[in-house]
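S.K.: Residue numbers (my numbering), protein chains in the order written: chain L, 1 to 208; chain U, 1 to 208.
2 protein chains.
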Amino acid sequence: MSTAEETAGGEREPWGEVAPDAARRLLVAAVEAFAERGYHATTTRDIAGRAGMSPAALYIHYKTKEELLHRISRIGHEKALEVLRTAAEREGGPAERLGSAVRSFVRWHAGQHTVARVVQYELDALGPESRAEIVALRRQSDAAVRGIIEEGVAAGEFTVTDVPGTTVAVLSLCIDVARWFKVNGPRTPDEVGALYADLVLRMVGAKH
Amino acid sequence: MSTAEETAGGEREPWGEVAPDAARRLLVAAVEAFAERGYHATTTRDIAGRAGMSPAALYIHYKTKEELLHRISRIGHEKALEVLRTAAEREGGPAERLGSAVRSFVRWHAGQHTVARVVQYELDALGPESRAEIVALRRQSDAAVRGIIEEGVAAGEFTVTDVPGTTVAVLSLCIDVARWFKVNGPRTPDEVGALYADLVLRMVGAKH
DNA sequence: TCCGAAGGTGAGCGATCGCTTAGAGTGCCC
DNA sequence: GGGCACTCTAAGCGATCGCTCACCTTCGGA
Numbered sequence: 001m002s003t004a005e006e007t008a009g010g011e012r013e014p015w016g017e018v019a020p021d022a023a024r025r026l027l028v029a030a031v032e033a034f035a036e037r038g039y040h041a042t043t044t045r046d047i048a049g050r051a052g053m054s055p056a057a058l059y060i061h062y063k064t065k066e067e068l069l070h071r072i073s074r075i076g077h078e079k080a081l082e083v084l085r086t087a088a089e090r091e092g093g094p095a096e097r098l099g100s101a102v103r104s105f106v107r108w109h110a111g112q113h114t115v116a117r118v119v120q121y122e123l124d125a126l127g128p129e130s131r132a133e134i135v136a137l138r139r140q141s142d143a144a145v146r147g148i149i150e151e152g153v154a155a156g157e158f159t160v161t162d163v164p165g166t167t168v169a170v171l172s173l174c175i176d177v178a179r180w181f182k183v184n185g186p187r188t189p190d191e192v193g194a195l196y197a198d199l200v201l202r203m204v205g206a207k208h
Numbered sequence: 001m002s003t004a005e006e007t008a009g010g011e012r013e014p015w016g017e018v019a020p021d022a023a024r025r026l027l028v029a030a031v032e033a034f035a036e037r038g039y040h041a042t043t044t045r046d047i048a049g050r051a052g053m054s055p056a057a058l059y060i061h062y063k064t065k066e067e068l069l070h071r072i073s074r075i076g077h078e079k080a081l082e083v084l085r086t087a088a089e090r091e092g093g094p095a096e097r098l099g100s101a102v103r104s105f106v107r108w109h110a111g112q113h114t115v116a117r118v119v120q121y122e123l124d125a126l127g128p129e130s131r132a133e134i135v136a137l138r139r140q141s142d143a144a145v146r147g148i149i150e151e152g153v154a155a156g157e158f159t160v161t162d163v164p165g166t167t168v169a170v171l172s173l174c175i176d177v178a179r180w181f182k183v184n185g186p187r188t189p190d191e192v193g194a195l196y197a198d199l200v201l202r203m204v205g206a207k208h
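#1: List, in chain order, every chain U residue whose beta-carbon is nearer than 7 Å to that of Met53/L.
#2: In the region 101 to 144 of chain L, which residue ranges form an unbroken alpha helix (DSSP H) of at least 4 residues, counting only runs that do not cross its ends?
#3: Using 10 angstroms around the beta-carbon of Tyr59/U, count the other beta-carbons present and answer buried if the total reaches 16, otherwise exposed.
#4: Please state if the CB of Leu137/U and the CB of Leu69/U are separated by a distance shorter than 8 Å.
#5: Going by CA-CA distance only, name the one from Glu96/U, Gly193/U and Glu89/U that's closest to Lys207/U.
#6: What is the DSSP secondary structure of Met1/U, counted as helix, strand or coil?
#7: CB Thr114/L to CB Glu17/L, shorter than 8 Å?
#8: Residues of chain U with CB under 8 Å from Asp162/L, in chain order?
#9: Roughly how many angstroms lie between the CA atoms of Val28/L and Phe181/L, to the nearest whole one?
#10: List the residues of chain U whose Cβ lies closer than 9 Å to the Cβ of Asp142/L, in chain order.
#11: Looking at the secondary structure, which residues open and close the alpha helix (DSSP H) in which Phe34/L lies?
#12: Below 8 Å on the Cβ atoms is my contact criterion, and I expect Ala144/U with Ala80/U to pass it. Report the Cβ-Cβ distance as a whole number of Å.
#13: Check whether the region 103 to 119 of chain L touches the region 183 to 190 of chain L, counting contact only when three or more Cβ pairs, one atom from each stretch, lie closer than 8 Å.
#14: For chain L, find out if any of its Cβ atoms is closer than 8 Å to the Cβ of Ser172/U; answer yes or no.
#15: I'd like to check one pair, Arg103/L with Ala197/L: are the Cβ atoms closer than 8 Å?
#16: Residues of chain U with a CB under 8 Å from the CB of Thr166/L: which are they?
This is the structure:
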């Protein structure tokens, strides 16, 4: 795998684009709190406390608690989509590209599982217009995966009868990693990614 | 498939064992509310209102709001485990039994997706002792699936290198159905179950 | 040297939360 | 008919929530 693939999506500096410093610290604190307790169970006092600030300081940088969730969701989804696309658009046949996409996407959901948990499981807490924006990003992930599967079927490399259904299953499998992955568990994000890439290639009946 | 397999887990009368009538109505209302908005975003006034009662009536039948979630989680997990085991213990080879187990388990998570959503995604809202009880039930589901896969590998019918990892992936795939399944979507619970059974048999490299 | 913008705090407002209490209605057994 | 257990309601308590306001500090530029 290439170096570009490894660092795509800013896995090293997840929130480097957020400024100023206090706003970034609040956002990082919110990600931790939301991932641990969930959006509704997290208080603004808890977020501010984790960032080493008073409760009122939060409202200098963000209008509401929901805006914090919205910013986290949008940036997180964009990172995940970037990771997926970078791997999906590399050179090679459908099997190589699907395997690479799943490996990268899963590695991101495992390695950044706190962000991923918020991004994937707290969507309902957003208002209608914010949620619509995020759903649009999600559809692009779906289209990217479905595109490779369709290509593989057309090229005779995959044997899939229900392409939309298999696409949903593949994405569901990858996303749910964020729910069960534990940092102190028996597997590294890399190992889970490799396992899942193999499983998905079996699901689409890839010839090897 | 057998009639026993179709009705296992009380898919027709999900809360028939809960008495008296008012307690069951409150529990059904809580399932709906928790599934729609999440545990922490649901108020006791909302639950009582859906059941057509005053807020205070809730505390005649349940000590706290958390006890309601605990009861829902325990009963729901027991139903899901019963569905899984009934299908897993039927006659036939590993491939037939794994396919049957996945089909039934997925059909339950799709058909009872409101219950399943609460049961699978609101676990963190439970206290330590309640959560431990539920986690124990979940381990039994894991053991049931892993058992079949190990059997299939031993019999030379499956080709799986990482049995625990594949088991986690299979269960994750099935459980996450509760998150994305929509009643008015393009597929019935039966259809999703059939699709997923096929996908899982491919994942384990079942010979056919 | 003075000033205004920017970033921060302590105190607290109005609303709403989970939950409790006092008492009323109902049916069943003697 | 009287007593009692059970079920439910109206009212509201104390705590905590998201968020606001008045005020303080810091600092770069004219």
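Every residue, glycine too, gets a C-beta built ideally from N, C-alpha and C.
M.R.: Let's see:
#1: Within 7 Å Cβ-Cβ: nothing; Met53/L doesn't reach chain U, min ~24 Å.
#2: 113 to 121
#3: exposed
#4: no
#5: Glu96/U
#6: Reliability fails at Met1/U, whose pLDDT of 45 lies under 50, so the model's placement of it is uncertain and no value is given.
#7: no
#8: Leu195
#9: 20 Å
#10: By Cβ distance, chain U contributes nothing, its closest Cβ being about 11 Å from Asp142/L, past 9 Å.
#11: Asp21 to Arg37
#12: Going by Cβ atoms, the distance from Ala144/U to Ala80/U rounds to 11 Å, so no, they are not a contact pair.
#13: yes
#14: yes
#15: yes
#16: Leu195 and Leu199
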